[in-house]
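Scroll down for the structure; my scribbles are underneath it.
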Amino acid sequence: MPSPVIIKRKVLFGDCDPEGIVYTPRFSYFVVEAVHDALTVWLSGPGLRTLLGFNLLPPARAFSLEFLRPVTWDEELSMKVSVSSVGLHSFTFQVEGYVAPDVMAFTSSLTHVCVSPVTREVIEVPEQLRALLLS
Numbered sequence: 001m002p003s004p005v006i007i008k009r010k011v012l013f014g015d016c017d018p019e020g021i022v023y024t025p026r027f028s029y030f031v032v033e034a035v036h037d038a039l040t041v042w043l044s045g046p047g048l049r050t051l052l053g054f055n056l057l058p059p060a061r062a063f064s065l066e067f068l069r070p071v072t073w074d075e076e077l078s079m080k081v082s083v084s085s086v087g088l089h090s091f092t093f094q095v096e097g098y099v100a101p102d103v104m105a106f107t108s109s110l111t112h113v114c115v116s117p118v119t120r121e122v123i124e125v126p127e128q129l130r131a132l133l134l135s
């Protein structure tokens, strides 16, 4: 698997409820955007655009999120993104969000399945992509 990538993000006022705590749905955006940024590093090009260049569509098949601590306005999140598995038709990323080096705020898992843009059928992970995600 490639080395984990750290993505930093400042929590904005608009990410939060009136009490200053991040809205639950915003975490899904944080995770997806962090994965796209990590793909930019691992694929050596614009993450999602480069992924689509493998002639596949990558819809999410599974998403899980576990909250461990509230995240508030103006905190900086450091998200550690790693490839956790590559299957025959799918690949999964693990994202760990930290508000301090030793304070984990959430963990998440995001699995994408490979779909043909022509037939809309599930296809195997292309060999070149598999090699990059396993390197």
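Residues 1 to 135 in full-length UniProt numbering are what the sequence shown spells out, letter by letter. C-beta atoms are modelled at their ideal positions from N, C-alpha and C, and glycine is treated no differently.
Thinking C-beta only, is residue 22 closer than 9 Å to residue 71?
Indexing the sequence shown from 1 puts residue 71 at position 71. Indexing the sequence shown from 1 puts residue 22 at position 22. Result yes, Cβ atoms of residue 71 and residue 22 sit closer than 9 Å.
Give every residue of the same chain whose Cβ lies closer than 8 Å to the Cβ of residue 87, excluding the five residues on either side of it in the sequence, and list them in chain order.
Reading the sequence shown from its first residue, position 87 is the one you call residue 87. Only 125 meet the Cβ criterion.
Cβ separation of residue 77 and residue 26, assumed to be a contact under 8 Å, to the nearest whole Å
Here residue 77 refers to the residue found at position 77 when the sequence shown is read from its first residue. Here residue 26 refers to the residue found at position 26 when the sequence shown is read from its first residue. Actually they do not touch by this definition, with Cβ atoms about 11 Å apart.
Would you tell me roughly how many angstroms separate the C-alpha atoms of residue 50 and residue 129, rounded to the nearest one?
Along the sequence shown, one-based indexing puts residue 50 at 50. Along the sequence shown, one-based indexing puts residue 129 at 129. Roughly 10 Å between the two C-alpha positions.
In terms of alpha-carbon separation, which member of 30, 59, 17 lies closest to residue 81?
As a working mapping, residue 81 is identified with position 81 in the sequence shown. Nearest of 30, 59, 17 to residue 81, Cα basis: 30.
Three-state class that DSSP yields for residue 89 in the structure shown:
As a working mapping, residue 89 is identified with position 89 in the sequence shown. Three-state DSSP puts residue 89 in coil, outside helix and strand.
Give me the Cβ distance between residue 73 and residue 114, rounded to the nearest whole Å; I'm assuming they're in contact under 8 Å.
Taking the first residue of the sequence shown as position 1, residue 73 is located at position 73. Taking the first residue of the sequence shown as position 1, residue 114 is located at position 114. Contact doesn't hold; Cβ gap of about 38 Å is too wide.
List the whole-angstrom C-beta distance separating residue 138 from residue 37, where the pair is believed to meet the contact cut-off of C-beta under 8 Å.
The requested residue 138 does not occur in the structure, where the chain is confined to residues 1 to 135.
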